[in-house]
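A.B. asks: In order, the protein sequences belong to chains W and X. Going left to right, the first sequence walks through residues 1 to 333 as this note's numbering numbers them. Going left to right, the second sequence walks through residues 1001 to 1333 as this note's numbering numbers them. Don't be surprised by glycine CBs; every beta carbon is placed ideally from N, CA and C. Just so you know, these numbers come straight off a predicted model, no measurement behind them.
Protein chains: 2
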Amino acid sequence: MSTTSHLTIDLDKGGMNTGHLIVSKGADSEALSLPVFSLNKGAGPRLLITGGCHGNELEGPSVARRIIDWLTGAQTCGRVIIVPELNPLAVQAWSRNTPIDGLNLNRVFPGRADGSVTERIADAISRLLVPMAETILDLHSFGPMWEFPPASTTHPIADADLMAKTLRMAEAFRFPMTLVWENDETPGMFDTFVQNLGKVFVCAELGGGTVGAEYLAIYEAGVRNALIALGLVEGKADHPTFRQQKSSQTLETLTSDWLRSPARGIFEPRCSVLDEVKQGDLIGILHPMNSLSAGSVDIRAPTTSIVCAVKSGLHVEANDGVALLGRPLNRRP
Amino acid sequence: MSTTSHLTIDLDKGGMNTGHLIVSKGADSEALSLPVFSLNKGAGPRLLITGGCHGNELEGPSVARRIIDWLTGAQTCGRVIIVPELNPLAVQAWSRNTPIDGLNLNRVFPGRADGSVTERIADAISRLLVPMAETILDLHSFGPMWEFPPASTTHPIADADLMAKTLRMAEAFRFPMTLVWENDETPGMFDTFVQNLGKVFVCAELGGGTVGAEYLAIYEAGVRNALIALGLVEGKADHPTFRQQKSSQTLETLTSDWLRSPARGIFEPRCSVLDEVKQGDLIGILHPMNSLSAGSVDIRAPTTSIVCAVKSGLHVEANDGVALLGRPLNRRP
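1. So Ala1301 of chain X packs on Gln1279 of chain X, CB below 8 Å; how close in whole Å?
2. Give the straight-line distance between the Cα atoms of Ala1164 of chain X and Arg1331 of chain X, rounded to the nearest whole angstrom.
3. Go through its chain and collect everything with a Cβ distance to Met1189 of chain X's Cβ below 7 Å, but skip five positions before and after it.
4. So which of X:Ser1024, X:Ile1081, X:Ala1064, X:Ile1049 has the shortest CA-CA distance to Lys1013 of chain X?
5. Let me know the alpha helix (DSSP H) ranges lying completely inside the region 253-282 of chain W, each 4 residues or longer, listed in chain order.
6. Any beta carbon from chain W within less than 8 Å of Asn1290 of chain X's own beta carbon?
7. Which class does Ala31 of chain W belong to by DSSP, given the choice of helix, strand or coil?
8. Would you report the Cα separation of Glu1185 of chain X and Thr1192 of chain X, rounded to the nearest angstrom?
9. Would you check if the distance between the CB atom of Pro1240 of chain X and the CB atom of Glu1147 of chain X is smaller than 8 Å?
10. Using the Cα positions of Asn225 of chain W and Ser272 of chain W, report the straight-line distance between them to the nearest angstrom.
11. By how many angstroms is the C-alpha of Asp1028 of chain X removed from the C-alpha of Leu274 of chain W?
12. Taking only runs of the alpha helix (DSSP H) that begin and end inside the region 1178-1223 of chain X, which ones reach a length of at least 4 residues, in chain order?
13. Between Leu1011 of chain X and the rest of its own chain, which residues show a CB-CB distance below 8 Å, the 5 nearest in sequence each way excluded?
14. Drop a sphere of 10 angstroms on the beta-carbon of Gly1245 of chain X, count the other beta-carbons inside from all chains shown, and report buried for 16 or more, exposed for fewer.
15. Bridge partners for Gln244 of chain W per DSSP, in chain order?
16. Ser348 of chain W CB to nearest chain X CB: under 8 Å?
17. By a C-beta neighbour count over all protein chains shown, 10 Å radius and 16 as the cutoff for buried, is Leu197 of chain W buried or exposed?
18. In this structure, what does DSSP give as the bridge partners for Asp298 of chain W?
19. Nearest CA to the CA of His155 of chain W: which residue from W:Thr253, W:Met289, W:Arg260?
20. Looking at C-beta atoms only, is the number of pairs between the region 91-99 of chain W and the region 170-182 of chain W that lie closer than 8 Å three or more?
21. Is Asn1097 of chain X buried or exposed, if buried means 16 or more other CB atoms sit within 10 Å of its CB?
22. Just mark Arg243 of chain W as buried or exposed, buried being the case when its beta carbon has 16 or more other beta carbons within 10 Å.
23. Hey, would you say Pro150 of chain W sits closer than 8 Å to Gly231 of chain W, going by beta carbons?
24. Kindly list, in the order they appear in chain A, the residues whose Cβ is closer than 9 Å to that of Ile266 of chain W.
25. At 9 Å on the CB atoms, spell out the chain X contacts of Ser312 of chain W, in chain order.
26. Output the boundary residues of the alpha helix (DSSP H) element that contains Thr166 of chain W.
27. Have a look at the DSSP bridge pairing and note the partners of Asn290 of chain W.
28. Is the CB-CB distance between Thr76 of chain W and Val233 of chain W below 8 Å?
29. Taking Cβ positions only, does Arg224 of chain W come closer than 8 Å to chain X?
30. Anyone know if the C-beta pair for Ser1141 of chain X and Gly1207 of chain X falls short of 8 Å?
31. Have a look at X:Pro1262, X:Thr1072, X:Ser1152, X:Pro1328 and flag the residue whose alpha-carbon is nearest the alpha-carbon of Asn1319 of chain X.
32. Do you know whose CA, among X:Lys1025, X:Gly1026, X:Leu1179, X:Val1036, lies nearest Ser291 of chain W's CA?
33. Whole angstroms is fine: what's the gap from Ala1229 of chain X's alpha carbon to Tyr1219 of chain X's?
34. Determine the closest residue to Gly1313 of chain X out of W:Arg327, W:Ser247, W:Gly265, W:Gly209, with distance taken between C-alpha atoms.
35. Roughly how many angstroms lie between the CA atoms of Gly1296 of chain X and Ser62 of chain W, to the nearest whole one?
36. Under 7 Å, CB to CB, which of the residues in the region 1143-1173 of chain X have a partner in chain W?
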């Protein structure tokens, strides 16, 4: 048997086919077998959907499997490849990074065939799956430490044409929030690697906090909307209902829009996501744990903005991000 | 200076006083200084409020500090001692147990003066604070891995009179759910230790999942209701609003009411807390991670019941609890 990473599935075969992406063994681990689902209805858009890049963001794996069930009856053309769990080692540990080598899969792309296990996963995806699609939807979330609305996100892209195509794809989810998110920590990201190939990549940050039934239903509806917009399925897109409302807004946020904790202590959130805040409104309170009285510190909005993300109540270090603010996207012509 | 655990605060002094519970140093750690707040308005009920027993249940510490602010103006009689964070080491690590010795503070009561650090914390609380109150409210939650409604809970107590007094105290919060919860894992619990002294102990399990602003407001309202019921504050209790409703129900659940995962894999919740389910209704789905198709397993309600808790979507082992079901309390005469 081959010891290099390979696929055990024929992606050109018609209909629904299943197999594995085998990630080669290395000094630090045995080979991994990642389930792969191919739904092939011939000519048309070629899409790759991935989940479980970070092991504590489990909206993606569940929604990916729901979409497999749905597509089996609904797909009319094109090919969709779905990998529900990119990083089974992190998923089993409920951790962002891979426990074996401590690496963040979303910072090591395109990976290395002779690297540690996380780098070998990235290499197998980059070489064997990314070439098979023009559009990639990577189903992330903000994880258990944040409140975050159902949202699709993209980072700013220098190529204006690709930026416009990517934004259209992100807005097709019709989630309560579409977010264009400046991030200065992009080297090695799956996004950047794929976008540099000229392909459309939407990194859905499907929510945060509890992975519950209500949110999962919204996520599934959003991903269905995206597949309808791509033309893979016939149907009519609809806004999912979030907090008794059916509405969407497209926001942007800069690296300077992070509110950070002024000290070490317990962060107490005092706002919710999608709240509109004015300068001076209370975002949260920081309680230094050793303080006996007046030590609590108010954290206030520096300017009129919309709350994109707010940290769950937990212990934070000085300078940790506790909220991400944004504003309506300024669409350049 | 004394090397045994002690208080740096005079609890008999009138008004608001602050100081520390010093937990003695030992072979495994330096001494700890836990902030203690005493609000003393003379004769009347004597109450102890504690939070932060488990370090990933941070509703309690925030609500405890809110109650300090509120009581400062509102209290009319009696004495309230508040310790927002019982286990600062676990809080800083966002972990249920203490990282240094791996122990669960809520399983080592009454502790040991010469034990490891978790046992020394329990010993200091047991000897120095528990004797100062007849009623104890310990502010827990279900933590980040669960969806759980704002609720006050107690375990069944053999002494019928103490059971009735404890249940009245639990219901005084007017939370959406009051839960009498059979638990066969009681040795070393703070609850059991205090109840064996004939005192009232309510272990509020204030929620689960994200520690967000909306839930924190409900929790604070519930704890205020309890303090009004005790007569420490004059005022009128009101049901907090949860999901657009103001209602309360008292449920009971048995150890046999846990639904457990049939296998290892990703649990996908398909119901929400306080849902009424009938026999055969879908509670969740278990996706074995290596399965390629028909491997997903439905987890269904065995009987008509109400969902008290449901696990967040995450990787579980075979036999892990994924939902806790209950039914209206059968009040024995």
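C.D. replies: On the basis of the data shown:
1. 6 Å
2. 10 Å
3. Asn1106, Arg1107, Phe1109
4. X:Ile1081
5. none
6. yes
7. coil
8. 10 Å
9. no
10. 26 Å
11. 45 Å
12. 1190-1195
13. Asn1017, Ser1038, Asn1040, Arg1079, Ile1081, Met1132
14. This sequence places Gln at residue 1245 of chain X; Gly is not what is there. It counts as exposed.
15. Answer by DSSP bridge pairing: none, since Gln244 of chain W is not bridged.
16. Nothing about residue 348 of chain W can be reported from this structure: the residues present for chain W run from 1 to 333 only.
17. exposed
18. W:Ile285
19. W:Thr253
20. no
21. buried
22. exposed
23. no
24. Among the protein chains in the structure shown, which are W and X, there is no chain A.
25. Leu1058, Pro1144, Gly1209, Thr1210, Val1211, Gly1212
26. 160-171
27. According to DSSP, Asn290 of chain W bridges with nothing at all.
28. yes
29. no
30. yes
31. X:Pro1262
32. X:Val1036
33. 15 Å
34. W:Gly209
35. At residue 1296 of chain X the sequence reads Ser, which differs from the Gly that was named. Each residue's alpha carbon lies about 11 Å from the other.
36. Pro1144, Glu1147
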